[in-house]
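Visitor: Input: one structure, supplied below.
There are 2 protein chains.
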Amino acid sequence: MARLSLNQATIKRATVTEAVEGCARHGIESIGLWREPVADHGLERTAKLVADAGLRVSSLCRGGFLTAVDNRSAMDDNRRAIDEAAALRTDTLVMVVGGVAADKDLIGARQRVADAIAELSVYAAQAGVVLALEPMHPVFCADRGVLSTLAQALDIAERHESVGVVVDALHVWWDPDLDAQIVRAGPHIASYQVCDWLTPVPADVLLGRGYPGDGDIDLDRLTRHVAATGYSGDVEVEIFNAAIWAADFDEVIEQVTRRYHDIVEPAL
Amino acid sequence: MARLSLNQATIKRATVTEAVEGCARHGIESIGLWREPVADHGLERTAKLVADAGLRVSSLCRGGFLTAVDNRSAMDDNRRAIDEAAALRTDTLVMVVGGVAADKDLIGARQRVADAIAELSVYAAQAGVVLALEPMHPVFCADRGVLSTLAQALDIAERHESVGVVVDALHVWWDPDLDAQIVRAGPHIASYQVCDWLTPVPADVLLGRGYPGDGDIDLDRLTRHVAATGYSGDVEVEIFNAAIWAADFDEVIEQVTRRYHDIVEPAL
């Protein structure tokens, strides 16, 4: 269980304190944090809370949303996110880069992301933080992330010292070029995240995630490929799911640890 | 308007007779048919109906669903679909290849599709029918189509005489490699289909299609690229949308012709 990280979005209703205490009760040594609940608890207080609990912070979610033609305020916000990651002593800031703007110019949006990351990477390097570009499932291309493949994210990450990639099973599992791109991603993998793809897709497509093993993804195979690259970091379980969000925190964390133990850990 | 084809799924409640009469009333010269309503009307009767109306049949939808480990009954059904396409005097059978099987073996499913298409292509060639492989948006990879990119479909189509590809705007618009793959697709494009990607995605992701111009796809750019390959076939408007399905047929066909005229035709 040493590499399991609970992404706090999996127990979305929990405060930072409840999430940290939940990890402690279940022997989880690492946590993935989100900026909004961290801000609610206070940045320095959160840093102290996780340090006192002996937890690693596997990542902070999220920077990004850089596709607007005028993204100056977004750039400011991303610099703040980098500072917050540093304050929380995580080296991984997850970047959800943003969707297509009203001009429908997908290629332009992708170029703006590349340019913005190039600029932010200098600031990130100074802070000791890696910008972890998250390629997103193409269902989110319009409104959330125009980086649709691991290959695209790597095209940017390979150009900059403090830029890496997130391999999130839900976002990449369908990719016909996945095996080759995971090999290529090896030294650039900043985060490996697992959950499962549920069919049918629920009414809110954002919430179509299930516990590892409940969906269509061959997580054993994917995890073996990621492990074969030499990735030795934490494995975050991040699940957006209305029923899981409504459930008791301890029941959810219990399921997370069980699925991790049964499905993910043997493949690492 | 000479190249506009009304895919009958756009007015899903319509019978074949109503769809054919609607095309005639609005000066549309081509129709995309589906097997189920054709069977309801009778295959030979439908062939006579469209011929008497002077309509081309731009495509028949659909064969496919070939990913099961035992796909023998599916193969039989696909041979029937090829016969039906020939009887309707269309040279294009749209192939929705099927999703991931219960074994979660995506790579195996894709191989089964390639093998099945190789076998069916011989039968299709004898019937004078092209199997038009439809790469599907990755949101449908689990349950509907494991060919997720135009590149994958072309990898198969390039190997066989009577296999081509469908370029459906909704399925391919997000692809970072789209421009290059459309150039490659040129001689293999059996069908070009347009609609638009709606955000937010509705409760049933299958129905997240809008009239051209109502969503996030730069249809002008895509259509220009398709036209630049020399594609000179029909352009089908195929929209799955609950509100459009509930609307009056003539209003829908009127919108289809208007959007085609305003957005698609100038780019051809």
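For the protein sequence lines, the chains are A and B, in the order given. Note that this note's numbering numbers the first sequence so that position 84 is 86, with each residue one more than the last. Note that this note's numbering numbers the second sequence so that position 247 is 249, with each residue one more than the last. Heads up, the beta-carbon is just placed ideally off N, CA and C, and yes, glycines get one too.
1) With a cut-off of 8 angstroms, does the C-beta of A:Ile219 fall near any C-beta of chain B?
2) Round the Cβ separation of A:Gly166 and A:Ala134 to the nearest angstrom and send it over; I've been treating them as touching at under 8 angstroms.
3) Assuming A:Ser7 contacts A:Asp236 under a Cβ cut-off of 8 angstroms, what Cβ separation, rounded to an integer in Å, is found between them?
4) Report all residues from its chain with a CB closer than 8 angstroms to the CB of A:Met3; omit the five preceding and five following residues, and keep chain order.
5) With a threshold of 8 angstroms between beta carbons, is B:Thr151 in contact with chain A?
6) Check each candidate in A:Ile255, A:Ala245, A:Asp250, A:Ile109 and name the one with the smallest Cα separation from A:Val239.
7) What residues of chain B sit near A:Gln1, judged by a beta carbon separation below 7 angstroms?
8) Relative to the alpha-carbon of A:Val169, which residue among A:Ala116, A:Asp42, A:Thr94 has its alpha-carbon at the smallest distance?
9) Could you tell me the distance, in whole angstroms, from the CA atom of A:Cys63 to the CA atom of A:Arg27?
10) Using 8 angstroms as the limit for Cβ to Cβ distance, is A:Val228 near chain B?
11) Report the three-state DSSP secondary structure of A:Tyr194 (helix, strand or coil).
12) If B:Leu156 and B:His190 are in contact, beta carbons under 8 angstroms, what's the gap, nearest whole angstrom?
13) Going by beta carbon distance, what residues of the same chain come within less than 6 angstroms of A:Leu224, once the five residues before and after it are set aside?
14) With a threshold of 8 angstroms between beta carbons, is B:His139 in contact with chain A?
15) Could you give the uninterrupted runs of the alpha helix (DSSP H) lying entirely in the segment 204-257 of chain A, keeping only those of 4 residues or more?
16) Work out the CA separation of B:Gln113 and B:Thr151 for me, nearest whole Å.
17) Counting only beta-carbon separations shorter than 8 angstroms, does A:Leu108 have a partner in chain B?
18) Specify whether the segment 135-147 of chain B and the segment 101-113 of chain A touch according to this definition: at least 3 beta carbon pairs, one from each stretch, less than 8 angstroms apart.
19) Kindly indicate which three-state DSSP category B:Thr19 falls into: helix, strand or coil?
20) Name the chain B residues that come within less than 9 angstroms of A:Asp93, Cβ to Cβ?
21) Starting from A:Asp2, trace the alpha helix (DSSP H) in both directions and tell me its first and last residue.
22) Using a Cβ-Cβ distance under 8 angstroms, would A:Pro268 count as near chain B?
23) Nearest to A:Val203 by alpha carbon, out of A:Asn243, A:Glu121, A:Lys14, A:Cys25?
24) Please confirm if A:Val203 has its CB atom under 8 angstroms from at least one CB of chain B.
25) Closest to A:Val59 by C-alpha separation, out of A:Ala205, A:Val131, A:Pro178, would be which residue?
Guide: In short:
1) Taking the first sequence and counting its residues from 1, the one referred to as residue 219 of chain A is at position 217. Closer than 8 angstroms to some Cβ of chain B, the Cβ of A:Ile219 qualifies, so yes.
2) Taking the first sequence and counting its residues from 1, the one referred to as residue 166 of chain A is at position 164. Taking the first sequence and counting its residues from 1, the one referred to as residue 134 of chain A is at position 132. With a Cβ gap of about 5 angstroms, A:Gly166 and A:Ala134 count as contacting.
3) Working through the first sequence from its first residue, we reach residue 7 of chain A at position 5. Working through the first sequence from its first residue, we reach residue 236 of chain A at position 234. Indeed they touch by this definition, with Cβ atoms about 4 angstroms apart.
4) Mapped onto the first sequence, residue 3 of chain A falls at position 1. The residues are Gly29, Ile30, Glu31, Thr259, Tyr262, His263, Glu267.
5) Translated into the one-based positions of the second sequence, residue 151 of chain B becomes position 149. Yes, contact with chain A.
6) Against the first sequence, residue 239 of chain A aligns to sequence position 237. Nearest of A:Ile255, A:Ala245, A:Asp250, A:Ile109 to A:Val239, Cα basis: A:Ile255.
7) The question about residue 1 of chain A has no answer, for chain A in this structure spans 3 to 270.
8) On the first sequence, position 167 is the one that residue 169 of chain A refers to. Closest option to A:Val169, Cα to Cα, is A:Thr94.
9) Working through the first sequence from its first residue, we reach residue 63 of chain A at position 61. Working through the first sequence from its first residue, we reach residue 27 of chain A at position 25. Cα to Cα, A:Cys63 sits roughly 23 angstroms from A:Arg27.
10) By one-based count along the first sequence, residue 228 of chain A stands at place 226. So no, A:Val228 is outside the interface.
11) As a first step, residue 194 of chain A is located in the first sequence; it is residue number 192 there, counting from the start. Strand at A:Tyr194.
12) As a working mapping, residue 156 of chain B is identified with position 154 in the second sequence. As a working mapping, residue 190 of chain B is identified with position 188 in the second sequence. Contact flag correct, Cβ pair sits at about 6 angstroms.
13) Indexing the first sequence from 1 puts residue 224 of chain A at position 222. So the list reads Ala171, once near-sequence residues are dropped.
14) The residue labelled residue 139 of chain B in the question sits at position 137 within the second sequence. It does; some Cβ of chain A falls within 8 angstroms.
15) Listed in chain order, they are 221-230, 244-248.
16) Within the second sequence, the letter at position 149 stands for residue 151 of chain B. Within the second sequence, the letter at position 111 stands for residue 113 of chain B. Each residue's Cα considered, the two are about 15 angstroms apart.
17) The count along the first sequence starts at 1 and reaches residue 108 of chain A at position 106. Judged by the 8 angstroms Cβ criterion, A:Leu108 is in contact with chain B.
18) no
19) Within the second sequence, numbered from 1, the residue matching residue 19 of chain B stands at position 17. Here B:Thr19 sits in helix by DSSP.
20) Counting from one through the first sequence, the residue named residue 93 of chain A turns up at place 91. The contacting residues do not exist; A:Asp93 stays about 28 angstroms from chain B at best.
21) Here chain A comprises residues numbered 3 to 270, so residue 2 of chain A is not present and cannot be evaluated.
22) Residue 268 of chain A sits at position 266 when you count from the first residue of the first sequence. No, its Cβ sits nowhere closer than 8 angstroms to a Cβ of chain B.
23) Taking the first sequence and counting its residues from 1, the one referred to as residue 203 of chain A is at position 201. Per the Cα distances, A:Asn243.
24) Position 201 of the first sequence, counted from the start, is the residue given in the question as residue 203 of chain A. It does: the Cβ of A:Val203 has a partner Cβ on chain B nearer than 8 angstroms.
25) Position 57 of the first sequence holds residue 59 of chain A. Of the candidates A:Ala205, A:Val131, A:Pro178, the one whose C-alpha sits nearest the C-alpha of A:Val59 is A:Val131.
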